[in-house]
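Let me begin by presenting the structure, written as structure tokens, before commenting on it.
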Amino acid sequence: MGNDPRTPDATASVDFEEVQSTARFQELRKRHRSFVFPMAAAFLLWYFAYVLLADYAVGFMSTKVWGNINIGLILGLLQFVSTFAITGWYVSYSNRKLDPIAAEIRHEIEGHEFDKDGKKMTGVDK
Amino acid sequence: MIGIATAVDVADLKETTLLNMGIFGLFVAVTMVIVLRASRNNKTAADYYAAGRSFTGSQNGTAIAGDYLSAASFLGITGAIAINGYDGFMYSIGFLVAWLVALLLVAELLRNTGKFTMADVLSFRLKQRPVRIAAAISTLAVCFFYLLAQMAGAGSLISLLLGISDWGGQALVIIVVGALMIMYVLIGGMKGTTWVQIIKAVLLIAGAAVMTLWVLAIYGFNLSSLLGAAVDTANNPAVLNPGLQYGKSETSKLDFMSLGLALVLGTAALPHVLMRFYTVPTAKEARKSVVWSIWLIGLFYLFTLVLGYGAAALVGADTIKSAPGGVNAAAPLLAFFLGGPLLLGFISAVAFATILAVVAGLTITAAASFAHDIYANVIAKGKADAETEVRVARRTVVVIGVLAILGGILANGQNVAFLVALAFAVAASANLPTIVYSLFWRRFTTQGAVWSMYGGLGSAILLIIFSPVVSGGATSMIKDAHFAIFPLSNPGIVSIPLAFLLGWLGTVLDKKREDSTKQAEMEVRSLTGIGAEKAVDH
């Protein structure tokens, strides 16, 4: 079960605090949080604004725009559009900004650059 | 109108019973063969709980959609739109938007830090015993209420689809559904369950797509004329506007806010959804799964908009309400109107398959949580070998299956929406604050986690017990008693903020600090996937 975390494996000797303090890891953390936190806040605000409008501004939501299609239906369908758009945006951001740097750190750890005892171990990989 | 009334004669439905049973039997036979084939190499605990982490992102995404689009989504939302118009549509928006919480904040980080269950992540850097026990209890509670809802849903579906209306006959069918589910999970483990969900998701989405195109074709692919026809049949222009169901009073408006909060925050904390992220090999595949499921689920909810208004226009709210199964009958009745007995038979079989698959997913989650969190880590203190753990999990499946059958028989005919909303509210209150804090807040402590989980779980369940859903109203579970001192039917607006507050309070009042090396390890693992990724490039 080499792909299960928390089983003693090649990562048992890693000094995680050292990894955490590196500039590169801090950069990864910053990139991740600076995307997901504002985005989560934005879509939750937009969703609750929509729920509040549907709850307390029935007259406005019932305004017909085209045929029988009213503002409420358009805003509802826009919730679908924004969900799909944020999904696509996050995937492209992760592929460009997060995955490469995460893979780099992973390879460094697996190459034993952060072992606790400080000396390089060779040839004992799983 | 007269033509429509004769076209959807409810008495005709009973004549299709044999056909329904035939199509359902075929589904059971085909999936059983696949489950048997898939289970041939179930050896380790990772095989049994996490399907050997062998599924691709797109397969897992389809299975997640299969897990998520339960009978409540298909029959419930279509029915809600057919009867209550726009207010029904707002359910599907909450259910979909909720996936962004899972995508942005939870899925990948969870895949990288956990192993089999939600408790693996929550107890990663906190004290194992108290946090694991709390997480397992809330997992079992959420799964149990979700299970009851599905089993009770099976009971009310049967009254319509198989023409069985007496209590004993329905109980018998609940037993058959439950026994089938136990077999799938016992034999197939997570791999078999996942395949059942994939097949069911494909059938459900394809069936809904055919019906959607059919309805749109009747109205010349013009959404506006479909909506106009729904207004004509209902003889009420308000079906296109919000507020038909929830706009009645200030309390009901607040209730809708509460429901909206529970829906959007509950999804990313449902244990059976979280466990699905462990069936893929890497965080990148976990991300891909969520993207797939967002597209499939979003597409499906767009279909339900057309199906709901289509049922309102072509079948009519009065016919639906008077049919056995009530609101839940909208989608099957629409299928019968469009394609006659054959389409009805197909849609009914898909609806049964939906219940079967969702119940199987819930059961394996609950069994894994008991065997892995309570038995292996608390009772055996981590000394149990994987073989014993899987044996305990299999026994738990049987116990949970029997409990679900009994509960389903007792809950049969009860308010199903109550149980689903309770499951979402309990998940959002008991699990989400601790998931978010432990992934993103360095200072978070064991005391904060325990306060938040028990506080959220306890307050959500207490508020439901004292709500109008349980007593005091015409649709309450106990009609004759009056102890509804809490006015809202959904507790989310109180219990979710309370659980977040308790998590914060428990942490700042905690004199003990957690191990900072564990925090570093969890953060590095969660963001880089070190140790959780397959080492392919050495």
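Protein sequences, first through last, are from chains A and B. If you read the first sequence in numbering that gives the first Met the number 0, its first letter stands for residue 0, the second for the next number, and so on. If you read the second sequence in numbering that gives the first Met the number 0, its first letter stands for residue 0, the second for the next number, and so on. Just so you know, even glycine gets a beta-carbon here, dropped at the ideal spot from N, CA and C.
When C-alpha distances from residue 354 of chain B are compared across B:233, B:260, B:27, the shortest belongs to B:27. Per DSSP, the continuous beta strand (DSSP E) segment holding residue 64 of chain A begins and ends at 63-65.
With respect to the 8 angstroms criterion, residue 404 of chain B and residue 174 of chain B are classified as neighbours on the basis of their beta carbons.
Along the length of the segment 124-179 of chain B, whole alpha helix (DSSP H) runs at least 4 residues long occupy 127-160, reported in chain order. Measuring C-alpha to C-alpha distances from residue 100 of chain A to each of A:14, A:12, A:13, A:29 identifies A:29 as the nearest. Within the segment 79-92 of chain B, those residues whose Cβ lies closer than 7 angstroms to any Cβ of chain A are, in chain order, 85, 88, 89, 92.
Burial of residue 197 of chain B is indicated by the presence of at least 16 other C-beta atoms within 10 angstroms of its C-beta.
In terms of Cβ geometry, residue 314 of chain B and residue 332 of chain B form a close pair [threshold 8 angstroms].
Note: residue 69 of chain A is bridge-paired with A:63 in the DSSP secondary-structure output. For residue 23 of chain A, no CB of chain B lies under 8 angstroms from its own CB, so it is not counted at the interface with that chain.
Residue 280 of chain B: not part of any alpha helix (DSSP H); DSSP gives it neither H nor E. Looking at the backbone, the Cα of residue 17 of chain A and that of residue 527 of chain B are separated by about 14 angstroms. Between the alpha carbons of residue 49 of chain B and residue 188 of chain B lies a gap of roughly 8 angstroms. Closer than 8 angstroms to the CB of residue 245 of chain B there is at least one CB belonging to chain A. Listed in chain order, the non-local C-beta contacts of residue 71 of chain A below 7 angstroms within the same chain comprise 53, 60, 61, local neighbours out to five positions each way being set aside.
Taking 8 angstroms as the CB threshold, residue 485 of chain B stays off the interface with chain A.
Of all alpha-carbon atoms in B:330, B:291, B:325, the one lying nearest the alpha-carbon of residue 308 of chain B is that of B:330. Setting aside the 5 residues that flank it on each side, residue 267 of chain B is surrounded in the same chain by 100, 101, 105, each with a C-beta closer than 6 angstroms to its C-beta; the list follows chain order.
Within the segment 375-442 of chain B, the alpha helix (DSSP H) runs of at least 4 residues that lie entirely inside it are, in chain order, 385-410, 415-429, 431-439.
Within chain B, the residues placing a beta-carbon under 9 angstroms from that of residue 65 of chain A are 223, ordered along the chain. With a beta-carbon spacing of about 14 angstroms, residue 396 of chain B and residue 195 of chain B fall beyond the 8 angstroms limit used to define contacts. Less than 8 angstroms divides the Cβ of residue 350 of chain B from the Cβ of residue 70 of chain B. Burial is judged here by how many other beta carbons sit within 10 angstroms of a residue's own beta carbon; residue 249 of chain B has fewer than 16 and is exposed.
Put simply, the backbone Cα of residue 17 of chain B is about 8 angstroms away from that of residue 161 of chain B. Boundaries of the alpha helix (DSSP H) around residue 94 of chain B: 85-100.
Taking 8 angstroms as the Cβ-Cβ cut-off, the segment 512-534 of chain B approaches chain A at 515, 516, 519, 520, 522, 523, 524, 526, 527, 528, 529, 530, 531, 532, 533, 534, given in chain order.
The Cβ of residue 27 of chain A sits closer than 8 angstroms to at least one Cβ of chain B. Between residue 120 of chain B and residue 109 of chain B, the C-beta spacing is below 8 angstroms.
Membership of residue 17 of chain A in the alpha helix (DSSP H) is indicated by the continuous run 15-20. Rounded to whole angstroms, the gap between the alpha carbons of residue 455 of chain B and residue 113 of chain B is 22 angstroms. Judged by DSSP in its simplified three-state form, residue 466 of chain B adopts coil rather than helix or strand. In chain A, no part has a C-beta under 7 angstroms from the C-beta of residue 496 of chain B; the shortest such distance is about 13 angstroms.
In the structure shown, the three-state DSSP call for residue 477 of chain B is strand.
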